[in-house]
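Notes to accompany the following structure.
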Ligand code: C2E
Ligand code: MG
Ligand code: MG
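Numbering (my numbering), first residue to last: 1 to 732.
Written as structure tokens, this is what we have:
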């Protein structure tokens, strides 16, 4: 009963949100109709400019056209023919608006052909003073595109979202497998009780022998109803954890629609009353977002366990970990945090299906539980990542013994997973309390770093954090760093960026490495933070910029056609007002065009002294240097400021790309970032693309460029030169 009630509330919220988002689009149509009045007030050219920029601001508007009082078409954004039924509808609207003085929009007769299935024509009266009708604006919406934006919301296997007309005909329908094509004649949708604007129904609503729970909502004076349905059987077996993911995704989408609506409204601020109406609609949205946030918080509170394995989830684990660490501080025994990742788990999922992947995760968690003592903690952090806290051991050696046992036990074959036998192994990273960290943050970071070291060293093993740190002892490196710059121990490696429409090499990112005479190649994560804390980063950054210019000049001198090189700058460099001048000097010295350089900044660069940073960025932009926002998404809440900065490109953080196919949240966030960036006329680069499935997903989502191991790891200059010689990169 409780599950049903929960599902019903959840679906009602979803239908509410979708209908609000749809309502915002209709509001934008109304805004256009108000702007269209200018046509009849003697400003046709200016009006056309407004209308076409408003329509172009959002892909959802496929076509607009304007009709005068005699229903003559005076403007159309594309040369489509109007059917006779259509002209009659324009007439009818003109005469009713004349009689009733309304400004209600209407649905025009829908095209019966499947080619236009998701194109929804709306007619909106264009009124003069005192609501006297002057004409009609036609806005054709692409509801298919609209529903596509929700395709990653997790609604289980049976979820259906329908948009119905007032007479309950389906105009667009999305199911988990995709959008449903309307073949010829329109179908009747779920039949709803007459005269009710919102509610829930239960029954064999799709006449397929299954019982569905449906929630519907028809906002007042809007010609659509949104219906969200799901199979009761599935609802009863599903778990409430889905909710937190659902609402996180929806909050992002709602914020996105609110942002676009606000943006369109800004363009026509001269319409005072209208701006007020939109401000009200934005307020409503804020309430909606708050409501979603609250829902999300509640869902997160409720869901302390991972539904698949029954193990505590990350949140619960962190809470338990905190109380164990308190205990650990009071005794002399050893505690160790282990992070554990299954090797090649993704390929199990990809080749044998998620069902087998799920069975494997369950089997792994059972072995983990069986291999540890009652007092130890085990959790699933997400995907194929597990965490273990080994508690109260007598000797340090015992920790290695436990880690070794786990590697051994988890590497034994897994039989009978839906008829499959699977062999995998864990990569384990171990951080010991208090040696490697005294709080959750430090221990987790270090266990994670050690886990990556295990992966790098060949998987199926454990690594202590202590061993990761040894070759790059922080204090030693810190002292040596200024000398390293002077003695030319730094080198740049270059990683290609590839354009998705034609797979051409379109740029490199320069990544610095320290070629240490004793320790070999040291990666930036091991010395950039040190350089930042000692201030050496400014000198290091100058070296990097200069080395990029030198490299470009040397390739140019060979007669090669160069592509832009991007280099990373730290927060401290952005506070250096001399930076643009220095970059200009380097460009001139080496004879390199400013357009061949790009700087990558991160969101954290902008947190301190935003004013100075913006000044430096503006000056760089004036020079002609492009600016990219790196690792975008890690601080997702701050979308707003992007618009105000001179940013040409957004690089989506690789944490979103990693599991894009299996994580509906990440997919929604990535789609939203791409749409938003394109609306703001920015290029989008996805980072950390390692697999073909990620590439295909990103291409479908409209991403412009990708960077990652799939095409190439960062390579030394001579290998990068080979890419310049053959700039077409094949995805095959
Ligand atoms: P970043 O700017 O986000 O650079 C991308 C990092 O992701 C690079 O690591 C790159 O090797 C790695 N990467 C690229 N493709 C993939 C992939 O498909 N999978 C995975 N797992 N990783 C991939 P790297 O070279 O270790 O650099 C780490 C970070 O160090 C950079 O992150 C950047 O923030 C910083 N950094 C590097 N060079 C410089 C520099 O010259 N100046 C400053 N200030 N920071 C730098
Ligand atoms: Mg970067
Ligand atoms: Mg990055």
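Even glycine gets a Cβ: it sits at the ideal position worked out from N, Cα and C. The structure presented is a predicted model; accordingly, all values stated were derived computationally and were not measured.
What's the C-alpha gap between residue i and residue j?
i, j, result
"residue 167", "residue 356", "45 Å"
"residue 240", "residue 230", "Because the pLDDT at residue 240 is just 44, under 50, the model does not fix this residue reliably, and the value given afterwards should be weighed accordingly. Their Cα atoms are separated by approximately 14 Å."
"residue 729", "residue 504", "6 Å"
"residue 270", "residue 20", "Below a pLDDT of 50, predicted positions are generally treated as unreliable, and residue 270, at 45, falls in that range; no measurement from the model is reported."
"residue 637", "residue 375", "Any answer about residue 637 is weak, because its pLDDT of 40 lies below 50 and its placement is not dependable; what the coordinates show is given next. For residue 637 and residue 375, the distance between alpha carbons rounds to 38 Å."
"residue 323", "residue 451", "24 Å"
"residue 312", "residue 547", "49 Å"
"residue 121", "residue 26", "11 Å"
"residue 720", "residue 403", "40 Å"
"residue 296", "residue 560", "Reliability of the predicted coordinates at residue 296 is poor, the pLDDT of 49 falling under 50, and the value obtained from them is presented with this limitation in mind. Computed Cα separation, rounded: 53 Å."
"residue 18", "residue 54", "22 Å"
"residue 58", "residue 679", "7 Å"
"residue 687", "residue 667", "14 Å"
"residue 538", "residue 431", "32 Å"
"residue 627", "residue 716", "24 Å"
"residue 562", "residue 649", "19 Å"
"residue 509", "residue 395", "46 Å"
"residue 268", "residue 45", "Because the pLDDT at residue 268 is just 48, under 50, the model does not fix this residue reliably, and the point stays unresolved."
"residue 29", "residue 493", "50 Å"
"residue 244", "residue 60", "Because residue 244 sits at a pLDDT of 49, beneath the cut-off of 50, its placement in the model cannot be relied upon, and the following sentence gives the value as read from the coordinates. Residue 244 and residue 60: Cα-Cα distance of roughly 28 Å."
"residue 179", "residue 422", "35 Å"
"residue 434", "residue 398", "16 Å"
"residue 526", "residue 321", "27 Å"
"residue 170", "residue 205", "14 Å"
"residue 8", "residue 200", "7 Å"
"residue 694", "residue 353", "16 Å"
"residue 37", "residue 571", "49 Å"
Should residue i be labelled buried (16 or more other beta-carbon atoms within 10 Å of its own) or exposed?
i, result
"residue 711", "buried"
"residue 585", "exposed"
"residue 651", "buried"
"residue 476", "exposed"
"residue 731", "exposed"
"residue 213", "buried"
"residue 223", "buried"
"residue 109", "exposed"
"residue 84", "exposed"
"residue 612", "exposed"
"residue 705", "buried"
"residue 95", "exposed"
"residue 713", "exposed"
For the beta strand (DSSP E) containing residue i, list its first residue and its last residue.
i, result
"residue 426", "426-433"
"residue 214", "212-217"
"residue 462", "461-464"
"residue 127", "119-127"
"residue 225", "224-231"
"residue 721", "Where residue 721 is concerned, there is no enclosing beta strand (DSSP E), although the alpha helix (DSSP H) it sits in stretches over 717-725."
Would you kindly report the start and end of the unbroken alpha helix (DSSP H) that includes residue i?
i, result
"residue 404", "396-411"
"residue 611", "610-623"
"residue 580", "579-590"
"residue 550", "537-557"
"residue 53", "44-56"
"residue 528", "528-534"
Is residue i helix, strand or coil by DSSP?
i, result
"residue 301", "Only weak support exists for where residue 301 lies, its pLDDT of 48 falling under 50; the value from the coordinates is given anyway. Three-state DSSP puts residue 301 in a helix."
"residue 73", "strand"
"residue 317", "helix"
"residue 146", "helix"
"residue 343", "coil"
"residue 568", "strand"
"residue 37", "helix"
"residue 169", "strand"
"residue 108", "coil"
"residue 337", "strand"
"residue 380", "strand"
"residue 598", "strand"
"residue 702", "coil"
"residue 202", "strand"
For a test of your reading of the model: does the CB of residue i fall under 6 Å from any non-hydrogen atom of ligand 5? Yes or no.
i, result
"residue 528", "Looking for ligand 5 in the displayed structure turns up nothing; the ligands present are ligand 1, ligand 2 and ligand 3."
Name the one or two DSSP bridge partners that residue i has.
i, result
"residue 522", "514"
"residue 651", "685"
"residue 356", "Paired residues: none, contrary to the question."
"residue 389", "337 and 377"
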